[in-house]
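Take a look at the structure below.
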Amino acid sequence: MSQASEADGRGLPEYVTRRPGGFYRSVNPSTKLAIAALEVVAAFAVPGWPVPITILAVVFATAVAARRLRGLIVVALAASPIVGSILLINLFLLPGASDPIVRIGPLAPTWTGLSFGLQTVVRLFAFSAAIALVYLTTAIDDLLADLARRGLGRRAVFVVGAAVQMVPRTVERAAEIVDAQRARGLDTEGRFWRRARGVLPLAAPVVFGALTEVEDRTMALEARAFSAPGRQTLLRVPVDRAADRVVRWAAVVALVAIIGLRIVGRLG
-3 MSQASEADGR
7 GLPEYVTRRP
17 GGFYRSVNPS
27 TKLAIAALEV
37 VAAFAVPGWP
47 VPITILAVVF
57 ATAVAARRLR
67 GLIVVALAAS
77 PIVGSILLIN
87 LFLLPGASDP
97 IVRIGPLAPT
107 WTGLSFGLQT
117 VVRLFAFSAA
127 IALVYLTTAI
137 DDLLADLARR
147 GLGRRAVFVV
157 GAAVQMVPRT
167 VERAAEIVDA
177 QRARGLDTEG
187 RFWRRARGVL
197 PLAAPVVFGA
207 LTEVEDRTMA
217 LEARAFSAPG
227 RQTLLRVPVD
237 RAADRVVRWA
247 AVVALVAIIG
257 LRIVGRLG
């Protein structure tokens, strides 16, 4: 009898016994974190174009296979304003660049600035995509349970979980507040000055709601003996197969090797 079947036999709820399925989603969360860390460090530590472009291709191919491409595209669109500003700044204001493409009055975009800006953009996309893929393919409770099993303290686990869940929960709360304020007659559409006038009635409830939620969550945790001494008992532990351990340690070794080579100057 399988572990899941034995758990079902003991009457445990479904959220304890379920196992993630699908390509890459069934990989151990710590293994995904190790792979993402390797991709992030390699994207910034290894000079040239091939490595960050390869990382982007691998991440997007994995997202397609895991049916998470839409979420990855949303992350890329969210990062586009920062990416655009980085490209423009390097294109026009890169120090030491002396090969102008064309002169536009006092401004002179350069080929060196364009090349450096594009490389920076590719590295930034590789960084954000690698991190986003872990979030899009990993259940939060699986990640926290795996971190707790590996010895991370309960307070640190709580901080990680709160940080990961902060953005989607804030977006959800903001949408609820917008709907409530519109029902009360607040104009949140139209010209810019009307939208600007409606920022304060929206921002204040979001902030105060977040503080209230933190207080409620703290009281709920304390009621469940969050600060009590002793070792936690985990009802749900993510599967950690031999293949996961091999890939995880290979990623850690490669990560250390890249950092070491970068420190001694062997990577340019």
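Just so we're aligned, residue -3 is where the sequence shown starts under my numbering, counting upward by one. For each residue, glycine too, the CB sits at the ideal point set by N, CA and C.
Quick one: Cα of residue i to Cα of residue j, how far?
i	j	result
L140	P105	47 Å
G157	F112	36 Å
S124	V71	8 Å
Q(-1)	R151	With a pLDDT of 46 at Q(-1), under the threshold of 50, the modelled position of this residue cannot be trusted, and the question is left open.
T50	L143	29 Å
R146	F19	24 Å
A247	I31	6 Å
D240	A41	25 Å
S94	D236	54 Å
V54	A38	13 Å
G92	L263	23 Å
L103	P96	9 Å
T208	M215	11 Å
P77	T229	44 Å
I127	G256	23 Å
V210	P164	15 Å
D4	R180	Confidence in D4 is poor, its pLDDT being 48 and thus under 50, which makes the residue's placement too unreliable to answer from.
R213	P234	24 Å
V79	A238	39 Å
V252	G261	14 Å
V249	V242	11 Å
A171	V23	33 Å
E2	R227	No answer about E2 holds up, because its pLDDT of 44 lies below 50 and its placement is not dependable.
F56	W107	28 Å
Determine, using beta carbons only, whether residue i and residue j come nearer to each other than 9 Å.
i	j	result
I82	L120	yes
L129	L68	yes
T48	Q115	Note on identity: in this sequence residue 48 is Pro, with Thr being the wrong assignment. Contact: yes.
I259	L34	no
Q177	I136	no
L87	G101	no
V36	A159	no
V117	R169	no
A62	L132	yes
T166	A219	no
V174	L148	no
L217	F154	yes
R232	T134	no
Quick test of your reading: residue i and residue j, contact by CB under 8 Å. State the CB separation rounded to the nearest angstrom.
i	j	result
P25	D138	5 Å
R244	T27	4 Å
Are the C-beta atoms of residue i and some chain B residue less than 9 Å apart?
i	result
R241	The chain labelled as chain B is not found in the depicted structure, where only one protein chain is given.
With a threshold of 8 Å (Cβ to nearest heavy atom), would residue i be considered close to the ligand COA?
i	result
E209	Absent from the structure shown: the ligand COA. Ligands present: none.
- request: At 4 residues or longer, and completely inside the stretch 236 to 260: list those alpha helix (DSSP H) runs for me, N to C.
  value: Runs of alpha helix (DSSP H) with 4 or more residues, each lying fully within the stretch 236 to 260, are found at 238 to 259, listed in chain order.
field: Runs of alpha helix (DSSP H) wholly within the stretch 59 to 139 (minimum 4 residues, chain order)
entry: 65 to 89, 107 to 133
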